Amino acid sequence: MFAHKYRAPIVTIGTLGYSDFMDRAMGLLTPWSFVPHPILLYMDDMTFSQRCYNFLVSAVDALIRKYYYMPRQDKLAQKYFSAIEGPESFPSVYELEKSISVMLINSHVSTSPPRPSISGLVNVAGAHIQPAKPLPADIQRFLDGATEGAIFFSLGSYVQSSDMPKDKLKAFFEVFRNLKQKVLWKFEDESMTNVPRNVMVR
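Residue numbers (our numbering): 104 to 305.
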């Protein structure tokens, strides 16, 4: 809205990778015959029935966005931004979207299915990644000694390994004990006992 008022270029970021509406905003029509919709697990070598289904999903998505989602965005924009210029001269969000100059996409050609692109759609996947820091010395020594390879085991951020029942914990240790590889286990309690020699809890 401010870009429209001050006639400034608009640069946006697509954090989830490519989507058809990004192409349309930049004036590029997505060829649904071989570019799969983001919610489908297809690649570019779709069967005829998959292409038909991809067309259906993509078309419904485009219609919902244009006739359901965007009008609601317009109402919000009118409510919160109409004081800038007044509702009469206020463009729709759909029109503003088409005035985007550059879109930075969290994607890369090496990890995405083939699709047409234009200069305004810029792949920047990995731009947020910081340079790697050295590992703590004890972990580095442990991994350097992994002549058969290493496994990093984590239950994610929602499940705490330390909350695991003792019988389940023992079962994991028995499995890891029989592996040739060394196992680095993301564990919240480093005071564990009876840890196999090829396992480090950290």
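The beta-carbon is built from N, C-alpha and C at its ideal position, and this holds for glycine as well.
Since the structure is predicted, the reported quantities are computational estimates derived from the model, not experimental observations.
Member of the options whose CA lies at the smallest distance from the CA of residue i
{"i": "H140", "options": "S122, A128, R127", "result": "S122"}
{"i": "R127", "options": "T250, K182, S202", "result": "S202"}
{"i": "S260", "options": "D177, E251, E291, L287", "result": "E291"}
{"i": "L282", "options": "Y156, N301, S136, K273", "result": "N301"}
{"i": "P216", "options": "Y171, K108, L144", "result": "L144"}
{"i": "M146", "options": "T214, H107, A111", "result": "T214"}
{"i": "Q308", "options": "I232, E293, P234", "result": "Because the chain here runs from 104 to 305, residue 308 falls outside it and cannot be looked at."}
Rounded Cβ spacing between residue i and residue j (contact assumed at less than 8 angstroms)
{"i": "S204", "j": "V114", "result": "6 angstroms"}
Nonlocal neighbours in the same chain, by C-beta distance under 6 angstroms from residue i, ignoring five residues either side
{"i": "L246", "result": "A253"}
{"i": "G120", "result": "N209, S210"}
{"i": "A180", "result": "V196"}
{"i": "F256", "result": "V286, W288"}
{"i": "A230", "result": "none"}
Near the ligand SAM: residue i beta-carbon under 7 angstroms from a heavy atom
{"i": "P216", "result": "In the structure shown, the ligand SAM is absent, as is every other ligand, since no ligand is present at all."}
Continuous beta strand (DSSP E) stretch holding residue i: start and end
{"i": "V205", "result": "203-208"}
{"i": "V298", "result": "Note, V298: premise wrong, no beta strand (DSSP E); not H, not E."}
{"i": "L287", "result": "285-288"}
{"i": "G117", "result": "113-117"}
First and last residue of the uninterrupted alpha helix (DSSP H) at residue i
{"i": "M125", "result": "123-128"}
{"i": "E198", "result": "196-200"}
Residues of its chain near residue i, where Cβ-Cβ distance is below 7 angstroms and the 5 sequence neighbours each way are ignored
{"i": "P239", "result": "none"}
{"i": "R154", "result": "S136"}
For this session: Report the residue ranges of all alpha helix (DSSP H) runs contained in full by the region 212-281; include only those spanning at least 4 residues, in chain order.
Result: 240-247, 269-280
Exercise. What are the complete beta strand (DSSP E) segments, minimum 3 residues, inside the region 132-194?
Worked result: none
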